[in-house]
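All remarks here apply to the structure that follows.
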Amino acid sequence: MLSEVFRMPEKDFDKSKYRFFTIVADVGGTNSYFAVMGVRDNKNYDIILKEKTLTLHLKEIYTPLNDILKKAYETYSIEVGRACISAAGPVSRRRGHIDLTNAGLQIKRGEILSKTLLKKVILINDFEAIGFGIDHLDLNKDVMELKHTGDLGKQGWVFSNTCAVIGAGTGLGTSVVYYDYDTHLHTPLPSEGGHMDLPAHDEFEFDLVQFLKKKVLKTKDAHPEFERVLSGQGLHNIYNFLKSRRGFKPTATTRKLDKLEGNVKLEAIDDNYGKDKTCTQTIDLFVKFYARAAKNLALISECYSGLFIAGRITLRNKDAFTKGDFMKEFEKHEKETGLLKKIPVFIITNTDVSLYGCCNVLTNFYSLS
729 MLSEVFRMPE KDFDKSKYRF FTIVADVGGT NSYFAVMGVR DNKNYDIILK EKTLTLHLKE
789 IYTPLNDILK KAYETYSIEV GRACISAAGP VSRRRGHIDL TNAGLQIKRG EILSKTLLKK
849 VILINDFEAI GFGIDHLDLN KDVMELKHTG DLGKQGWVFS NTCAVIGAGT GLGTSVVYYD
909 YDTHLHTPLP SEGGHMDLPA HDEFEFDLVQ FLKKKVLKTK DAHPEFERVL SGQGLHNIYN
969 FLKSRRGFKP TATTRKLDKL EGNVKLEAID DNYGKDKTCT QTIDLFVKFY ARAAKNLALI
1029 SECYSGLFIA GRITLRNKDA FTKGDFMKEF EKHEKETGLL KKIPVFIITN TDVSLYGCCN
1089 VLTNFYSLS
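Residue numbering for the sequence shown is 729 to 1097, as defined by our numbering.
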């Protein structure tokens, strides 16, 4: 069920370098990652072993945890007693379970403790994990900065301030990450900000909202949320809306796309950016709405240490984000353009940030439960 992504060669593994070892997991709506990590000190961790599976293959969570616990012991003679699991869904008040919003899976702390050899299990939201991972990003190689218009660089910028995280994937996640001056660590606040109402700025966007109400929403008197356009399914929704417009003319590309489904179709839309009119317009609208959601989060949080954009959809469409339209829309405001221009914006390119965040929890936030 698990496929190996990375294994530290046994000749390079020195058990004495590490204070202790952890099991970490990032359970997304589409893919799930399980890893063994070694903790050298409070801020330096190494991935020893990492494995991957499709989330739809998971009926429960304790089987893959037992698999990687067994492999850690057999390969490296590592015994692990603590685990932190992040998942794409709301965490219960006492962190006893997580319901994966878009995957039909429930993760239960009690079940894991009873069916594995783990002695401590902490459950966190996927965007909490990214927030906890912020301190472990190398800002010279793990992120890509999106330049403001007329950018003068990060004048007076310091990392010891509030950050914010936003990311579109299977759903849309957000978190405000505050800086604790006592511990000198960033701590994320749980959030369901991806469910904020989607505003329409003109008649064209009002038509999109009406399309979503008619074709997508299950509750007909509800208003669409940002996640309806900022997610994998959101890209499908924008594409289908554009195809429904009067005057739409099919192309060889759109005819091929109509035969595809799911992530294969999404990747085809991405691949045809700049080549096919409908695909290009789909991504450009996605970027515009993304900038607005990011702007709202930046204004709410005043995240002067940075707004961090996470998720593989962004990484697949870096060209669309870096050409300038995202930052122009991000800065567009009646009164607060000056404030927004003071906030650095980064795309996270290190896809292991959630795993590092989970390891940080087990190292520095062990009482979290």
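A virtual CB, placed ideally from N, CA and C, is assigned to each residue, including glycine. Keep in mind that this is a model prediction, so the values were computed, not measured.
Per DSSP, the unbroken beta strand (DSSP E) holding His825 starts and ends at His825 to Leu828. Rounded to whole angstroms, Glu788 and Pro978 show a C-alpha spacing of 43 Å.
For Glu779, the pairing in a beta bridge is given by DSSP as Glu732 and Phe762. Secondary-structure assignment with DSSP links Gln834 through a beta bridge to Asp827. Taking the CA atoms as reference points, Val764 sits about 45 Å from Phe939. Listed in chain order, the alpha helix (DSSP H) elements of length 4 or more contained wholly in the stretch 1002–1064 are 1005–1029, 1040–1044, 1046–1050 and 1053–1059. For a cut-off of 8 Å, the C-beta gap from Leu828 to Gly838 is around 17 Å, too long to register as a contact. Look at Gly757 here: in three-state DSSP terms it is coil, with no helix or strand label. Shown here, Ala928 sits in coil according to DSSP, grouped into three states, outside any helix or strand.
By the C-beta criterion, the stretch 882–900 is judged to be in contact with the stretch 1035–1044, since at least 3 inter-stretch pairs fall below 8 Å. Excluding five sequence positions before and after Leu793, the CB atoms of its chain that fall closer than 6 Å to its own CB belong to Thr844, given in chain order. The criterion of a C-beta distance shorter than 8 Å is not satisfied by Cys1007 and Ser814. Going by C-alpha positions, Gly899 is about 28 Å away from Asn868. In the DSSP annotation of this structure, the continuous segment of the beta strand (DSSP E) that includes Val1073 starts and ends at Val1073 to Ile1076.
By the Cβ rule, the stretch 928–942 counts as touching the stretch 962–972, because three or more pairs are nearer than 8 Å. The alpha-carbon separation between Ser731 and Tyr761 amounts to approximately 10 Å.
About 7 Å separates the beta carbons of Gly897 and Gly960, which is inside the 8 Å limit, making them a contact pair. Nearest neighbour of Tyr790 by Cα position, chosen from Ile840, Thr750, Gly757 and Asn759, turns out to be Ile840. If you check the CB distance, Cys812 and Val1089 come in under 8 Å.
For the set Asp999, Ser903, Tyr1001 and Phe1014, the Cα lying nearest the Cα of Arg956 is the one of Phe1014. Rounded to whole angstroms, the separation of the alpha carbons of Asn965 and Lys739 is 50 Å. In the structure shown, the three-state DSSP call for Pro792 is helix. According to the DSSP assignment, Arg810 belongs to no alpha helix (DSSP H) but to the beta strand (DSSP E) extending over Arg810 to Ala815. Its chain contains Leu874 and Leu1035 as the residues whose beta carbon lies nearer than 6 Å to that of Val1073, once the 5 sequence neighbours on both sides are disregarded; these appear in chain order. The beta-bridge partner set that DSSP reports for Tyr773 consists of Val767.
When the Cα atoms are used, Ile852 and Arg821 turn out to be separated by approximately 11 Å.
For Val957, no alpha helix (DSSP H) run applies, since DSSP gives it neither H nor E.
Counted as a single uninterrupted DSSP element, the beta strand (DSSP E) harbouring Thr915 occupies residues Leu913 to Leu917. Rounded to the nearest angstrom, the gap between the Cα atoms of Val849 and Val808 is 11 Å.
The criterion of a C-beta distance shorter than 8 Å is not satisfied by Leu917 and Glu953. Our two residues, Gly861 and Lys948, have alpha carbons roughly 39 Å apart in a direct line. For Asn868, there is no enclosing beta strand (DSSP E), as DSSP gives it neither H nor E.
Taking C-beta atoms as the reference points, Val871 and Ile1041 fail to come closer than 8 Å. The Cβ-Cβ distance between Phe855 and Ser919 falls below 8 Å.
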